Structure formats: structure tokens, C-alpha cells
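Chemist:
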Amino acid sequence: MASAAAQTAPNTHAAKQQVLWQKLEASITDVDRSLDGVMGVAIEDLNSGQKYLLRGDDVFPQASSIKIAVLAELYRQAQQGKLKPTDVYTVKASDLVADSPIMNGLTPGVTQVTLRDLATMVVAVSDNSAANILIDRVGIESVNSLLDSLGLAHTRLRRKMMDLKAASEGRENISTPSEMMTLLEDVYRGKVLNKPLSEDFFRLLSTKKNSWIPRELPEDLKVADKEGELEGVRNDSGIVFLENSPYILCVMTTYLRRERDGEEAISKISVDAYRMFDRLARASEYGRVISPSNSSK
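1076 is the number of the first residue of the sequence shown in my numbering; add one for each residue after it.
1. Answer yes if the stretch 1140-1150 comes into contact with the stretch 1332-1352, meaning at least three C-beta pairs across the two stretches below 8 Å, and no otherwise.
2. In the structure shown, what three-state DSSP assignment does Lys-1098 receive?
3. Between Thr-1195, Lys-1270, Met-1114, Ser-1102, which lies nearest to Arg-1130 when the distance is taken from Cα to Cα?
4. Identify whether Phe-1277 lies in helix, strand or coil by the three-state DSSP scheme.
5. State the CB to CB distance for the pair Leu-1355 and Leu-1095, rounded to an integer number of angstroms; the pair is presumed to be in contact (CB under 8 Å).
6. With distances taken between CB atoms, is the gap from Ile-1314 to Tyr-1263 smaller than 8 Å?
7. Could you name the residues of the same chain whose beta carbon sits closer than 6 Å to that of Met-1236, not counting the 5 residues immediately before and after it, in chain order?
8. Spatial neighbours of Arg-1363 within its chain, please: C-beta separation below 8 Å, excluding the five flanking residues on both sides.
9. Three Cβ pairs or more, each shorter than 8 Å: is that satisfied between the stretch 1170-1190 and the stretch 1218-1231?
10. Let me know the alpha helix (DSSP H) ranges lying completely inside the stretch 1235-1323, each 4 residues or longer, listed in chain order.
11. Please classify Glu-1318: is it buried, with 16 or more other beta-carbons within 10 angstroms of its beta-carbon, or exposed?
12. Quick one: give me the first and last residue of the beta strand (DSSP E) that Gln-1187 is part of.
13. Please name the residue in Thr-1251, Ala-1168, Val-1308, Leu-1324 whose C-alpha comes closest to that of Asp-1120.
14. Hey, how far is the Cα of Ser-1281 from the Cα of Gly-1112?
15. Of all the options Glu-1254, Arg-1234, Gln-1187, which has the alpha carbon lying nearest to the alpha carbon of Gly-1245?
16. Report the rounded CA-to-CA distance for Arg-1270 versus Ala-1153, giving the unit in angstroms.
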């Protein structure tokens, strides 16, 4: 028979979990203090909905991370029947811009690629020519219309990739940590795409690449993210599909004195977040972490 004390003891499971969240917040604060630049962070537990925000509503230049919105609109138009991922495009010389590792090696006027091929190039190597072709195909206004429909007033595609004239005029592609988190969550929860297209969208974003959220995480962990970099800017936003405990992580940095510091900050926060979510996913209500190898002990 349970003792009276055991019967009346408060359930401290949730309170103990909050201690781990507080420690994660303290770790992020330490990273923020030491970074010679400005950083914004958004984290969301996709099971509980609990969130953490640091400068969550501040606007940051997105660099290639804005391609998440372009790809979301590409998939939405596929769902609407306006295009097919298998639609074929013939590469033109006028399509080619700098920082296009694959496209600049193709033969204009001869090479044909599908829209899905272009999307893969956008994610795998952040190919700017491929991104611009997709932007032309779906339309800048359509991308922003999608963002408006989701209430993302501070996330905007204002120019194509490598449009230095537009950039010099202040037409930067922008978002906030909170809004990029919302965009990813809305796709994840089926508010933008049906289930098959949503799954393929995240399958595409999880293409292996040189980005900072997954850099120091387990190799077999699915991470659907898109990094972005400009001079003084490093960003990475995505979903970490940790078994039983998926979460969103968006880290944006700007005014960096050294870009490498921004990359290291993103990786450090990613590792700390992973360690917390992994512990919570495998722990009993009393905090014992149970691994598959010792679950019977």
C-alpha cells in the first residue's frame, strides 16, 4: 500500500523538465554573450509546443535560408496542379550566376533538368542558378503571398540570388527566428501541403550537405534544414527529426566580425538542444535515461 506521503507528493516531472530547458537557455545566453555579432534563436518542441526565443522577432538577412520559402511555394504549386516536379527545363546561358557549383558545369541550350532536380541542387549545394530558375517559375509575388497567408509579415523574398544591384538598394531577403520557425511548423503540421508532399518536402531538405545544425549531430539523424551565408551573416533553420521528440531549431547571426564564429555558435546551440531533447525523449518520468541496450536492466 502506498504511503500517504507518496500519495500526496506533487508530480515534479514537468518541473524537472523545465530545469533542463532553463539550463539550455543559460547555455544559449553564454553563446550569445561571447559572440562578436548579433544572434537570434527560436526552438520549438513539436510534441509539447514549448518554445524558446532569443530576439525571436528581430529581422535578420536570410541569405540562402530564404530558399525554404521558395521550395514551400514550389511544392504548394505542385499540389495546386500548376506544375509538376517532373516538368523539364532546358538550361540557358542567361540563367547562370555565381555560386552555382552544379549549374555552372552544365551545357546551356542542351542540358535538361526537372524542377525536382533543380530543387535538389538548391538544397544539396545551395546552387544559386537553380534557385533563380525556381523563383522565376513560381514567382516572387506567389512566394510572398504564401507567407502572407501564414501571417508571416516579416519574412520576404525581395530579390533573386546574386542580384547585387537589388541588394545594394536594400532589397534583402529577410525573416525572423520566430517566423521561420512558424513556416517550418506549418508545413510540418499540414497547413501548407498534404501529407505526401510535406513528407517529400522534408525529405528534400534532409539531403546531406555542409550545414551547421547537423554538423556535430549523429550521422544517421534526419535533419531537414537550409543554411545561409553572406559576408557577416550565418544562418541555419530546420527540423531535427529525433525519434519521439522532433523539434525546430532556427539560429540567425549577423554583424559577425568573423563568420566562423557564427558557424560555431549555430553548431554549439544545435548540440546543446539535441542533448536536451534526446535526454527527455529517452527518460522515464523520474529522469532515468533508458537506452535500447540497457532497457531490460
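A virtual CB, placed ideally from N, CA and C, is assigned to each residue, including glycine.
For clarity, every value in this text was computed on a predicted model and none was experimentally measured.
Modeler: Concretely, from the data shown:
1. No contact exists between the stretch 1332-1352 and the stretch 1140-1150.
2. As a working note, residue 1098 is residue 23 in the sequence shown. Per DSSP, reduced to three states, the secondary structure at Lys-1098 is helical.
3. For the purposes of this step, residue 1130 is taken as the residue at position 55 of the sequence shown. The option with the nearest alpha carbon to Arg-1130 is Met-1114.
4. Position 202 of the sequence shown, counting from 1, holds the residue named residue 1277. Phe-1277: helix per DSSP, three-state reduction.
5. For the purposes of this step, residue 1355 is taken as residue 280 along the sequence shown, with counting starting at 1. For the purposes of this step, residue 1095 is taken as residue 20 along the sequence shown, with counting starting at 1. With a Cβ gap of about 7 Å, Leu-1355 and Leu-1095 count as contacting.
6. One-based indexing of the sequence shown puts residue 1314 at position 239. One-based indexing of the sequence shown puts residue 1263 at position 188. Their beta carbons are under 8 Å apart, which means Ile-1314 touches Tyr-1263 by this criterion.
7. Indexing the sequence shown from 1 puts residue 1236 at position 161. Leaving aside the five residues that flank Met-1236 on each side, the residues in its chain whose CB is nearer than 6 Å to its CB run, in chain order, Asn-1203, Ala-1206, Asn-1207.
8. Counted from its first residue, the sequence shown places residue 1363 at position 288. Here the set comprises nothing.
9. Flag = no, the stretch 1170-1190 and the stretch 1218-1231 do not touch.
10. Complete alpha helix (DSSP H) runs here, min 4: 1239-1243, 1252-1263, 1270-1280.
11. Here residue 1318 refers to the residue found at position 243 when the sequence shown is read from its first residue. Around the beta carbon of Glu-1318, fewer than 16 other beta carbons sit within 10 angstroms, so the residue counts as exposed.
12. Within the sequence shown, numbered from 1, the residue matching residue 1187 stands at position 112. DSSP places Gln-1187 inside the beta strand (DSSP E), whose first and last residues are 1187-1189.
13. Along the sequence shown, one-based indexing puts residue 1120 at 45. Comparing Cα-Cα distances from Asp-1120 to each of Thr-1251, Ala-1168, Val-1308, Leu-1324, the minimum goes to Leu-1324.
14. Translated into positions along the sequence shown, residue 1281 becomes position 206. Translated into positions along the sequence shown, residue 1112 becomes position 37. Straight-line Cα distance between these residues: approximately 28 Å.
15. Start at 1 with the first residue of the sequence shown, and residue 1245 comes out as number 170. Out of Glu-1254, Arg-1234, Gln-1187, Arg-1234 has the C-alpha closest to the C-alpha of Gly-1245.
16. The residue given as residue 1270 occupies position 195 in the sequence shown. The residue given as residue 1153 occupies position 78 in the sequence shown. Reading the sequence as shown, one finds Lys at residue 1270 and not Arg. Spanning the two alpha carbons is a distance of roughly 13 Å.
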